[in-house]
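Protein chains in written order, with this note's numbering: chain W, 1 to 539; chain D, 1001 to 1329. For reference, the structure is listed below as structure tokens.
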């Protein structure tokens, strides 16, 4: 009887909130260029499997997020300017973004506090720090500012963060492993070069580990402080997605790194310029059976309205997605099954992000998928190289999979990697940009506007960094209390809009917004109207 | 016998061993035949050559005697030859003790392990053949076919065979459990969970004290978000078998969720005692200590877990390390 009641309740809840319908509007928006990333029917090297990320940033301060798509060789990474009314125009060449290579991750931040958002792109090879010159041009200043690397590195996720709260953005860069074309074994060369009996590209197991990097912003140049800060200490992890947040609520930004086939990393900021790696004891390294999973992408949200960021991580096929619920003080417990994430085990998940597609005030969850090995299609099993996305509706803290009924934008199969989220037209619904290997990107948009009210907050730091990265926001609207944080990087090697979007349900106004700026200064704003983008400048 | 002649014979014996080692059994046989009777080494190699050239039956008593000799090198070689003779003759009953003794004395020897694997494989093949001959339509034959497919990862075929077996003998213990497990392994489709649960419940109907089937049902309920049902089944699995570490871990998690940390710790300490190498038990214990505020013990549990998760040293690990040492170009 109890069970029938539960089923009845679930169906009524869904009936009250119509299912969203997502459609891919990339082609009509003008985002049409294919993103090459190695082979599409077979991949000889692991390097072909991990790229690439995307970004939605407003590079020219016209109020509309523009789209950046990182690419493997065969195409430059491309920028598309948001022209409004759902249209984009490619501006790659005019902005000076001509570089080609194995671009992996992208993260943004105004590192020089000049009011224009700069872009950092990681590569297998030297990274690029694109300084934004007045919104009209990008110049690669990595070499001039101390970011040149002494050897070829496989840089992946990245994030700007102000770890010492000095108002200047520092930079964290994850490194996957040591790779070169000559010495990496060929598919089938050793037991780590097989998947279900078929020869595939080797790794990450069997390939040498590398160490992560932290660069301190000296006010004009960057200095490598990886060793001094303790960031380079972990040496047994294949690092991919990067997520920054104040996980333990001490006012300092910590760093979480999703790691492939090895324990994930949680760097806890000690407040003295150093970090301590504490993922295992804090319960965010392994799954609930004490096994390391293949972590790829990572996102954070206060999905239970507890006032704390919990961590979601995408993993490989035959593994559960992971939800690490933040119990407080930065201690986590694996709540994947409890959160409703126990059943999707055939997907290799990459990009992920929380968005409130129905504006009900509960962050929903989207992840995009695609197997690492195109060769898997030869096996004729239920695991595929190209896969649909997964969309979960957050039903008051419990996630319900609505993917199959959420429209062709979700159900169409791609081998996707990074995703970024932004409300590209300020209409109160968030769009999603997805990087698809060997295909044009997707731009997912809902066909109908949800009924819930919303507010988007655009924060600007004054004492804090201009991008307000690290600012924590608590929004109260009636009985709804939500928290979020402005962050650089995240998801899978990608950058979402800095602006914070909150669904408000039936509330037509926000009672109170409390901002804790990096450094600890608090600011309260009261009585904001709903359904608009509201700028808030640090006082 | 003159000393000079003895030297010649010993040299011939030495040459015979060399000929054996390069695989020239004919020459080896000729030279070793002429070795003095007192040369135990030459005689042992002669027995080995004879065994290798098809005279197993004749030479088996000599090999058996030489396999109990004092020289470990000769003991190993003659025992290996004797074991191979028995395997070739399908004398598995005789081969078994010889191989067991070899494995006891030379536990890491690749030749010994190879012969042992060969013995088990051939004995297994022989038994299967006899089974297919004697009882081709028995449910046991279907069960065995299913298990073979299972080891090959061919789960669809395995399920079909398990179904045939359960249809023939629905009351056979453990068959429904195996079918349920195969169903879970075959598909990522959430619908398979219910199908598998039916089989585990069928197993429990036959054997209500099957704690492992009970545990599987609990896991399925948990995955489906049926928390209360899952908790009840975990509790029951632990009651049925208080020495079942996985069930203890699951129940400990329930206690932790209820903030009954001392009870969780006690259950997990027991699980670790039962299965000291279980990463799941150690990890859960570490978190339980942490949740209970027993920081020092949590740290110690972390250290224990770190040791457990260190990859085992061995030939393959070393090979991988060498790969890892290649500097990037």
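Glycine residues also receive a C-beta, built at the ideal position from the N, C-alpha and C atoms. Given the structure is predicted, the values throughout are model-derived calculations rather than measurements.
(request) Check the Cβ-Cβ distances between residue 1323 of chain D and every residue of chain W, and say whether any is below 8 Å. (result) Bear in mind that the predicted position of residue 1323 of chain D carries a pLDDT of just 46, short of 50, making it unreliable; the figure below should be weighed with that in mind. Chain W, which has a Cβ nearer than 8 Å to the Cβ of residue 1323 of chain D, makes this yes.
(request) For the region 329 to 337 of chain W and the region 375 to 388 of chain W, state whether three or more C-beta atom pairs, one from each stretch, are separated by less than 8 Å. (result) In short, these stretches do not touch, since the Cβ pair count stays below three.
(request) List the endpoints of the continuous alpha helix (DSSP H) containing residue 229 of chain W. (result) 226 to 229
(request) Output the boundary residues of the alpha helix (DSSP H) element that contains residue 1265 of chain D. (result) 1261 to 1274
(message) For a test of the three-state rule: what should DSSP assign to residue 5 of chain W, helix, strand or coil?
(response) Residue confidence is low: residue 5 of chain W scores 39 on pLDDT, short of 50, so the model does not pin down where it sits. No coordinate-derived value is stated.
(request) In angstroms with no decimal places, state the Cα-to-Cα distance between residue 457 of chain W and residue 286 of chain W. (result) 35 Å
(request) Hey, could you find the ends of the beta strand (DSSP E) residue 1115 of chain D is sitting in? (result) Element bounds for residue 1115 of chain D: not the beta strand (DSSP E) but the alpha helix (DSSP H), 1110 to 1134.
(message) Short of 7 Å in beta carbon distance, which residues of its chain neighbour residue 1018 of chain D, apart from the five on each side in sequence? Order them along the chain.
(response) none
(request) Note down, in chain order, each residue of its chain lying with its Cβ closer than 6 Å to the Cβ of residue 1028 of chain D, except the 5 sequence neighbours on either side. (result) 1016, 1019, 1020 and 1049
(request) Scan the region 335 to 363 of chain W for residues whose Cβ lies nearer than 7 Å to a Cβ of chain D and list them as they occur along the chain. (result) Result list: 337, 340, 342, 343, 345 and 346.
(message) Comparing C-alpha positions only, which one of W/47, W/103, W/91 and W/101 sits nearest to residue 590 of chain W?
(response) This structure cannot speak to residue 590 of chain W, because chain W is shown only from 1 to 539.
(request) Pull up the DSSP beta-bridge partners for residue 456 of chain W, would you. (result) Per DSSP, the beta bridge partners of residue 456 of chain W are W/501 and W/533.
(request) Report yes if the C-beta distance between residue 221 of chain W and residue 145 of chain W is below 8 Å; otherwise report no. (result) Result yes, Cβ atoms of residue 221 of chain W and residue 145 of chain W sit closer than 8 Å.
(message) In the DSSP output, what is residue 79 of chain W paired with across the bridge?
(response) W/68
(message) Between the region 168 to 180 of chain W and the region 150 to 160 of chain W, can you find at least three pairs of beta-carbon atoms closer than 8 Å?
(response) yes
(message) For the region 70 to 89 of chain W against the region 183 to 191 of chain W, do three or more pairs of beta-carbon atoms, one drawn from each stretch, fall closer than 8 Å, so that the two count as touching?
(response) no
(message) Under DSSP, the beta strand (DSSP E) around residue 35 of chain W begins and ends at which residues?
(response) Segment: none, residue 35 of chain W is in no beta strand (DSSP E) and carries neither H nor E.
(request) Determine the chain D residues that contact residue 281 of chain W at a beta-carbon separation under 8 Å, and present them in chain order. (result) 1286, 1290, 1298, 1299 and 1302
(request) Using a Cβ cut-off of 7 Å, pull out every chain W residue sitting near residue 1190 of chain D, in sequence order please. (result) 343
(message) Can you find the residues in the same chain that come closer than 6 Å, C-beta to C-beta, to residue 530 of chain W, ignoring five residues on each side of it along the sequence?
(response) Excluding the 5 residues flanking it on each side, residue 530 of chain W has same chain C-beta neighbours closer than 6 Å at 453, 455, 504, 508 and 509, in chain order.
(request) Mark residue 1203 of chain D as exposed unless 16 or more other C-beta atoms lie within 10 angstroms of its C-beta, in which case mark it buried. (result) buried
(request) In angstroms with no decimal places, state the Cα-to-Cα distance between residue 217 of chain W and residue 162 of chain W. (result) 9 Å
(request) Going by CA-CA distance only, name the one from W/318, W/303 and W/372 that's closest to residue 340 of chain W. (result) W/303
(request) Would you tell me roughly how many angstroms separate the C-alpha atoms of residue 433 of chain W and residue 392 of chain W, rounded to the nearest one? (result) Spanning the two alpha carbons is a distance of roughly 17 Å.
(request) Could you tell me whether the region 240 to 252 of chain W touches the region 489 to 500 of chain W, using the rule of 3 or more Cβ pairs below 8 Å? (result) yes
(request) Could you tell me the distance, in whole angstroms, from the CA atom of residue 277 of chain W to the CA atom of residue 380 of chain W? (result) 41 Å
(request) Return yes when the C-beta of residue 1223 of chain D is under 7 Å from any heavy atom of the ligand SAH, and no when it is not. (result) Of the ligands one can find in the structure shown there are none, so the ligand SAH has no counterpart to examine.
(message) Beta carbons nearer than 9 Å to chain W: which residues of the region 1251 to 1280 of chain D have them?
(response) Cβ contacts with chain W come from 1253, 1256, 1257, 1278, 1279 and 1280.
(message) I'd like to know whether the C-beta of residue 331 of chain W is nearer than 8 Å to at least one C-beta of chain D.
(response) It does; some Cβ of chain D falls within 8 Å.
(request) Select from the region 375 to 388 of chain W all residues with a C-beta closer than 8 Å to any C-beta belonging to chain D, and list them in chain order. (result) 382 and 383
(request) Just tell me which of W/30, W/105 and W/44 has its CA closest to the CA of residue 419 of chain W. (result) W/105
(request) Starting from the C-beta of residue 1083 of chain D, find all residues in its chain whose C-beta is less than 6 Å away, skip the five residues before and the five after it, and write them out in chain order. (result) 1095, 1098, 1099 and 1115
(message) My output table needs one value for residue 1032 of chain D: the three-state DSSP class, helix, strand or coil.
(response) Note: residue 1032 of chain D maps to helix in three-state DSSP.
(request) Compare the C-beta of residue 415 of chain W with all C-beta atoms of chain D and state if any pair is closer than 8 Å. (result) no
(message) Given a cut-off of 8 Å on the beta-carbon distance, is the pair residue 1264 of chain D and residue 1288 of chain D in contact?
(response) yes
(request) Give the residues of chain D in contact with residue 290 of chain W, contact being defined as C-beta atoms less than 9 Å apart. (result) 1278, 1279, 1280, 1281, 1282, 1283, 1284, 1286, 1305, 1308 and 1309
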